[in-house]
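Visitor:
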Amino acid sequence: MSSSATRSLIQSYYAAFNAGDTAAMEALVSDDVAHDVNQGSRRSGKALFAEFNAHMTRCYREELTDMVIMVSEDGTRAAAEFVVNGTYLATDEGLPEAQGQTYRLPAGTFFAIAGGRITRITTYYNLEDWIAQVGA
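Numbered per full-length UniProt numbering, the sequence shown finishes at 136, counting up by one with no gaps.
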């Protein structure tokens with residue numbers, strides 16, 4: 001896959017994210033996608049990715065801004081840096097109680113690409129920063 005095709009794939013993924021269109025996001029990942037969740041374990045497969053998306057949609061409303069996408073020359077790897085602008089909608093297990101708090105959090109994601117699909121998604125952000133923003 002060319003670097004421009006990979007850039008377009010990642011842009012489509014984030015456009016779907018910002019539109020809240022998880023079905024479109026899921027269409028862009030491989031059936032065996034590896035999803036590394038910040039502060040969590042790896043989830044493997046499209047079904048677990050869809051389950052994660054449903055959970056996130058229930059608990060959070062987020063829009064990503066200030067997006068910068070970087071792509072390797074061969075198009076097999078990509079990274080994105082962005083700001084998460086969110087609202088905490090429903091209490092997520094083990095985290096502070098949700099009361100509609102808003103937050104603004106820098107984050108980044110690394111991707112692997114093969115066969116025109118995203119095969120790995122690894123996201124990082126500072127959980128302690130998020131907790132400080134939504135906590136007491």
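Positions of the beta carbon are idealized from the N, C-alpha and C atoms, including for glycine.
1. So for Leu127, helix, strand or coil by DSSP?
2. For Ser8 and Ala15, I'd like the C-alpha separation in whole angstroms.
3. Would you decide whether Gly86 is buried or exposed? Buried here means 16 or more other CB atoms lie within 10 Å of its CB.
4. Please name the residue, chosen from Asn18, Tyr13, Asp92, Arg42, that lies closest to Val29 on a Cα-to-Cα basis.
5. In the UniProt domain "SnoaL-like" (11 to 121), which residue ranges form an unbroken beta strand (DSSP E) of at least 3 residues, counting only runs that do not cross its ends?
6. How many whole angstroms separate the CB atoms of Ile118 and Val37, which I take to be in contact at a CB cut-off of 8 angstroms?
Guide: In this structure, then:
1. The count along the sequence shown starts at 1 and reaches residue 127 at position 127. Reduced to three states, the DSSP call for Leu127 is helix.
2. Within the sequence shown, residue 8 is the residue found at index 8, counting from 1. Within the sequence shown, residue 15 is the residue found at index 15, counting from 1. Taking the straight line from one Cα to the other gives about 10 angstroms.
3. As a position in the sequence shown, residue 86 is number 86, starting the count at 1. Gly86 comes out buried.
4. Counting from 1 along the sequence shown, the entry for residue 29 is found at position 29. Closest option to Val29, Cα to Cα, is Tyr13.
5. 29 to 36, 42 to 44, 60 to 71, 77 to 88, 102 to 114
6. Locating residue 118 in the sequence shown gives position 118, counting from the first residue. Locating residue 37 in the sequence shown gives position 37, counting from the first residue. Their Cβ separation, rounded to whole angstroms, is 15 angstroms, which puts Ile118 and Val37 out of contact at 8 angstroms.
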